[in-house]
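Here the protein sequences line up with chains Z, Y, E and V, keeping their order.
Residue 1257 in this note's numbering sits at position 53 of the first sequence, and the numbers go up by one each step.
Residue 1335 in this note's numbering sits at position 131 of the second sequence, and the numbers go up by one each step.
Residue 1486 in this note's numbering sits at position 282 of the third sequence, and the numbers go up by one each step.
Residue 1523 in this note's numbering sits at position 319 of the fourth sequence, and the numbers go up by one each step.
For every residue, glycine included, the Cβ atom is placed at its ideal position computed from N, Cα and C.
4 protein chains.
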Amino acid sequence: MNSFGRNFRIQIFGESHGASVGIIIDGCPAGLSLSIEDFIMDLDRRRGAVVKGTTSRNEDDIPNITSGIFNGFTTGAPILIIFENKDVRSSDYEKVRDIPRPGHADFVAAIKAGGYQDFRGSGHYSGRLTVALVAAGVVAKKILLHTKDNSVLCQSSIIEAGGEKDIDRAIDKAITANDSIGGIVECKAVGLPIGLGEPFFDSMESLISHIVFSIPAIRGIEFGTGFNAARLFGSEHNDALQNEKGKNLSNHAGGITGGLTNGNDLVFRVAVKPTSSTPKAQESLNIKTGELENFSIKGRHDLCIALRVPVILESVTACVIADLLMQSGKLPVTINPKKNLQ
Amino acid sequence: MNSFGRNFRIQIFGESHGASVGIIIDGCPAGLSLSIEDFIMDLDRRRGAVVKGTTSRNEDDIPNITSGIFNGFTTGAPILIIFENKDVRSSDYEKVRDIPRPGHADFVAAIKAGGYQDFRGSGHYSGRLTVALVAAGVVAKKILLHTKDNSVLCQSSIIEAGGEKDIDRAIDKAITANDSIGGIVECKAVGLPIGLGEPFFDSMESLISHIVFSIPAIRGIEFGTGFNAARLFGSEHNDALQNEKGKNLSNHAGGITGGLTNGNDLVFRVAVKPTSSTPKAQESLNIKTGELENFSIKGRHDLCIALRVPVILESVTACVIADLLMQSGKLPVTINPKKNLQ
Amino acid sequence: MNSFGRNFRIQIFGESHGASVGIIIDGCPAGLSLSIEDFIMDLDRRRGAVVKGTTSRNEDDIPNITSGIFNGFTTGAPILIIFENKDVRSSDYEKVRDIPRPGHADFVAAIKAGGYQDFRGSGHYSGRLTVALVAAGVVAKKILLHTKDNSVLCQSSIIEAGGEKDIDRAIDKAITANDSIGGIVECKAVGLPIGLGEPFFDSMESLISHIVFSIPAIRGIEFGTGFNAARLFGSEHNDALQNEKGKNLSNHAGGITGGLTNGNDLVFRVAVKPTSSTPKAQESLNIKTGELENFSIKGRHDLCIALRVPVILESVTACVIADLLMQSGKLPVTINPKKNLQ
Amino acid sequence: MNSFGRNFRIQIFGESHGASVGIIIDGCPAGLSLSIEDFIMDLDRRRGAVVKGTTSRNEDDIPNITSGIFNGFTTGAPILIIFENKDVRSSDYEKVRDIPRPGHADFVAAIKAGGYQDFRGSGHYSGRLTVALVAAGVVAKKILLHTKDNSVLCQSSIIEAGGEKDIDRAIDKAITANDSIGGIVECKAVGLPIGLGEPFFDSMESLISHIVFSIPAIRGIEFGTGFNAARLFGSEHNDALQNEKGKNLSNHAGGITGGLTNGNDLVFRVAVKPTSSTPKAQESLNIKTGELENFSIKGRHDLCIALRVPVILESVTACVIADLLMQSGKLPVTINPKKNLQ
């Protein structure tokens, strides 16, 4: 359903062209300082408004924090963060299309909701909701700075687009082809203590992949050497222990052994499909006529949604790690508790 | 933790060289006929005792069903299935190794448990526990035959090992090299109704990947075209709707749109790493001496654990689908209820 | 934490004197018509603004439904309902009191949050949040009208206050004594199918009492004959079956046998403590001076909060029943699905 | 369903006359010493085999711990505890009765399971399963001894039976009347830190009552002054703070304020109904004939099941407290971790 996490728990809501999207963060420790400024950089990274290849939809994305914060600090109560949808042009989506857009949830969402779905801009299935994930990630990342022993850092970047390592060239290729492209995004977390992850079903890979596949357009995930591991010999793939702190001579396992963090950098990559809303003309079924038909998609869309994925990937990874740190007692229940409670 | 699922819920337990491993299935509908015979084929497939490249450990794997069944039918109460560990040679593992085995949980499990872990044969982190997943899968698969409208079927097979499509040749290569190999396993589910999966966080991919990554040795998962999708244009990747039943002209999305089943075959692949216990000599840290040391692993181990993965993959997939079917009201609460309750 | 329910799931947020309080309803079937008018009556009942013995705080309590509704019907996506706090006089609470109010969360909340709590009007611990429960109840009650076979109805009323059956007289007694009083509230649900409740831990009593004790000021709950059952002989207390539909000759069990609904009216009562904020002068510890001190409480408070409890009790009961009906397949997944999904 | 708890989680299974009953404890910290001897006293207390007024069914109740323990200590993996059912006389229950026993789950369980229920001795709905709760309680109580700062202790006793404070006399009255009786049981927990309980829905009262009502035969629960609180003035009921450690001048609230522990003893009472299986002749419906009929119940049954409840109450209370202590970081993740992990 629309919530995720055990002790650091997020609940998402909203629709692309509804009044708002947002998130509730339940289980955040008290005493974390939090202001709107904390959110700006990551929200800007996600919006990528100025980046070639991203949509011209221009939300200012100001987080409206309406509960769980008091005098600039978290109180331990649920934190509600709302983003109003302002730059909405629903006329582009004024009715369910006769031709459901390929790659979009239009058709399946209609079946699931028995015809009651909010069909404007994919409604609740829209990538617009990832702004809420980024907001949760901002809070989670700040928590990770308070990990006992050492801080945990999540970093992510796009490493390939449209089959090219040079991302600029990839975007140009897409513009020339008048078509959308996909990409590969890598994420790393450094500073993790050994032993995070809960056997049997809450392995580190299980939790990360669970939340990663809630991001629209993700088609695959691999940890460490990933799919290439299937082509190596055991003697090539095994990471030999180098020292007592868990450091390995290699990191083919991507920082995870037996489902638990092993003291090396956590590394994974995801495959992002090409934006479904390609500017190129396509053929699909006209539900009304029952005939295949040529059509093209209007509205504002990214040529390469993979460009927006890094900050989202950092965000969801930070949420998972924050949750596991709490379960492992490696985070303070209250951050910097006051001596005088009055 | 060690349970998974919302309405069809499994709880796993046991250790490789403890008294037993097993599973509790909570939320199974009443009225499902169930006998030990139902389990034989899939347990045999997993054991693969006669297959070249699998371990010589020879458990007879007889499921002991001690609750939740009455007169041959499920009652709706929790089903406890226990597999006794009989063919145990713990002497191979009589103490924590001074050299933690690369690729195994030895080192991280010791840290996590503060030295109290059952270190014999990886203890609770052992692949031995997958016998319990297969048992749960047997029950889940039988449930799927009672889906309203049409039955759902899960099928899986290994499609690549050690980089080879010819699996026999791959095993021979491993034997010759005296080394272990990995592989790629594909899984399909057919007959799924449209709309399974629960936005936002319980997409079909999210739930499947969550449970798939609880299987030891999985390094990656991809749906449909997967990582290749990242290299296609949108116009190439999009699946055009072909008819009102949701059938698409292609199936690059692997049967999932917007996180929901779309009426086409569900298709995904996983990467299985080469068995960590390779027969080849390796180098790793001797914790006691603090020196890197050459060593080789004893005990009975598969050259290619990927060979065992297909039936496990079917099993966990069936568990996820059974759970989602229940949530969607597409399974009867009781199977063939009796008219006369006395 | 701040969410409750398995398939019909609510997530609450907000503070008494913060920007707002509200609730997210996750798992509501699509196709339920919903408008602000639906909420008026129950919100008015809770506010009880005109009733003798309730506070003069005058919120207009207009539910702001900002997601999960489209064209007047639920879509199946999370429903966010926000109530803005307008009539706030925080000056009454401008700082943590030196004397924590007896019966209030002031002291324990400060300890729990390490001094970061929102101390204004009990913050997140305030009875103000029950407005959100009532909103969830409005949705749940509407769902219950769509139960297969027959509708389910929840009704609740105060049956005793300050030890008196005549409630008017009880309030007068409180006014005369210049003191607050408690009361007993009874709740009934009629039309329930047989077999609701999930053994072993989700008995009907377990789920109802869980959510009931989230309502501030509840000190006890009893089902059917309740505490008096402890004084009866078995032959007196047992309810004999009267007919094949489950109707019993008596209903000492309050409609529940073995944790499951038995086809008779569900009946339970709760004890509500006297309002902690009594107008009478009290003695308590001044934290700053370390001395016991006489003081009296300012602010606007009910003389008898039990008066507000009936509608809240109906609401939370309806939430539990809606959840169990869903799990039991006794509610449609979509209400009145459209034939033409376009 | 059949599991309860967030971080300290129990999963129950079994039937009265099946092969066994038992429990899995998931989330127990590693490093807790545990042996069969730890269980004897509490299991004896529950069995009460020598106490006047309890059943002559004589299970030796030896816990069979088959996983999660290694060399006498918990490992952090799920702990499976099984009790074999040996002293079973199913002939007493050889078929579903034509006359469902009043007060028992016979009728509702049949409806719920569509006729597939295990009807022998109430099957999964039997009080026999409370032996598993006691086993979980033994583990939970041992954990509570490791609470940071000070140990937590749970104690419970019967304070009234059949309306009498003198319990011996009450039993004699029941024997004379040839009828069963109920009782009131009180439970206390001392040594609790301030602030346990998680707003909004996981208040201390919510969690305790949730699990308490899973114990068969409980009809009511009240905290502190409980139902009597409804008859007091606020000035009488309020507990004034006495010192900075949270000690109050009175304890009408039973150690809980705002759903959180307040530093005073946690006190609650439950009402236990008279045993449904009274030896006295009763009238009920014969399902086959459709006529009301006189009958009497055979089998071995307690005259006063309330006598067994104290140890069960302690057990479930300890489970709740252990879970909350974990969430609050007030328990070590591993108990006495070893310095040398090899």
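Query: Whose Cβ in chain V lies nearer than 9 Å to the Cβ of V1225 of chain E?; Result: Within 9 Å Cβ-Cβ: nothing; V1225 of chain E doesn't reach chain V, min ~10 Å.
Query: Quick one: grab the DSSP three-state call for C1358 of chain Y.; Result: strand
Query: Tell whether a beta-carbon distance below 8 Å holds between A1202 of chain Y and L1464 of chain Z.; Result: With chain Y represented from 1205 up to 1546, any question about residue 1202 of chain Y goes unanswered, as that position is not in the structure.
Query: Below 8 Å on C-beta distance, what does G1235 of chain Z contact in chain V?; Result: None at all; the shortest Cβ gap to chain V is about 13 Å.
Query: May I ask you to report which of helix, strand or coil DSSP gives V1537 of chain Z?; Result: coil
Query: In three-state terms, what does DSSP make of Q1321 of chain Z?; Result: coil
Query: Take I1216 of chain Z and list the residues in its own chain whose beta-carbon comes closer than 7 Å to its own, dropping the five residues that flank it on each side.; Result: N1206, I1227, L1333, A1336
Query: Tell me which residues share the same chain as N1490 of chain V and place their Cβ nearer than 6 Å to its Cβ, disregarding the 5 neighbours each side in the sequence.; Result: D1302, I1303, E1497
Query: I'd like the span of the beta strand (DSSP E) that includes L1489 of chain Y, first residue to last.; Result: 1486–1490
Query: Taking the continuous beta strand (DSSP E) assigned at F1287 of chain V, which residues delimit it?; Result: 1283–1288
Query: Any beta carbon of chain Z sitting closer than 8 Å to that of N1211 of chain V?; Result: yes
Query: Can you say whether T1380 of chain Z is buried or exposed, counting buried as having 16 or more other CB atoms within 10 angstroms of its CB?; Result: exposed
Query: Please list the partners that Q1531 of chain V has in chain Z, where partner means a Cβ-to-Cβ separation under 7 Å.; Result: N1211
Query: Could you check which residue in V:A1314, V:G1395, V:G1367, V:A1522 has the C-alpha nearest to that of G1438 of chain E?; Result: V:G1367
Query: For E1241 of chain Y, which beta-bridge partners are listed by DSSP?; Result: For E1241 of chain Y, which the question treats as bridged, DSSP gives no partner whatsoever.
Query: Please state if the CB of N1452 of chain Z and the CB of V1471 of chain Z are separated by a distance shorter than 8 Å.; Result: no
Query: What residues match up with K1392 of chain Z in a beta bridge as DSSP calls it?; Result: Z:Q1359, Z:V1471
Query: When you compare the CB of F1405 of chain Y with every CB in chain V, is at least one pair closer than 8 Å?; Result: no
Query: Any idea if L1349 of chain Y is buried or exposed, counting beta-carbon neighbours within 10 angstroms, 16 or more meaning buried?; Result: exposed
Query: Would D1322 of chain E pass as an interface residue toward chain Z - the criterion being a Cβ-Cβ separation below 8 Å?; Result: yes
Query: Per DSSP, which residues does Q1215 of chain V bridge with? Please list them.; Result: V:S1207, V:I1228
Query: Would V1474 of chain Z count as contacting chain V if we go by Cβ distances under 8 Å?; Result: no
Query: Once the 5 residues before and after K1484 of chain E are set aside, which same chain residues still bring their CB inside 6 Å of it?; Result: N1382, D1383
Query: Are the beta-carbon atoms belonging to F1190 of chain Z and P1267 of chain Z less than 8 Å from one another?; Result: Because chain Z in this structure spans residues 1205 to 1546, residue 1190 of chain Z falls outside the shown range and cannot be described.
Query: Can you check whether the C-beta of V1356 of chain V is within less than 8 Å of a C-beta belonging to chain Z?; Result: no
Query: Can you tell me the Cβ-Cβ gap for I1283 of chain V and G1272 of chain V, rounded? I've got them flagged as a contact below 8 Å.; Result: 3 Å
Query: With respect to the alpha helix (DSSP H) encompassing G1438 of chain V, which residues constitute its N-terminal and C-terminal limits?; Result: 1438–1441
Query: Mind the definition here: the segment 1342–1362 of chain Y touches the segment 1533–1546 of chain Y only if three or more C-beta pairs lie below 8 Å; say whether that holds.; Result: yes
Query: Taking C-beta pairs closer than 8 Å, name the residues in chain V that Q1215 of chain Y reaches, listed in chain order.; Result: S1207, Q1215, I1228, D1230, P1282
Query: Counting only Cβ pairs nearer than 8 Å, list the residues of chain V close to H1350 of chain E.; Result: Result: empty, since nearest Cβ-Cβ is about 21 Å, beyond 8 Å.
Query: Keeping to the same chain, check which residues put their C-beta closer than 8 Å to that of S1361 of chain Y; ignore five residues upstream and five downstream.; Result: V1389, E1390, P1514
Query: Report yes or no: is there a C-beta of chain V within less than 8 Å of the C-beta of E1219 of chain Y?; Result: yes
Query: Does the segment 1423–1434 of chain V come within contact of the segment 1412–1423 of chain E, defined as at least 3 CB pairs closer than 8 Å?; Result: yes
Query: Measuring alpha carbon to alpha carbon, tell me which of E:L1511, E:M1530, E:A1313 ends up nearest N1211 of chain Y.; Result: E:M1530
Query: Given R1250 of chain E, which residues of its chain have a CB within under 6 Å of its CB, disregarding the five upstream and five downstream residues?; Result: V1338, R1512, V1515
Query: Thinking A1344 of chain Y and A1522 of chain Y are a contact (beta carbons under 8 Å), I'd like their distance in whole angstroms, please.; Result: 4 Å
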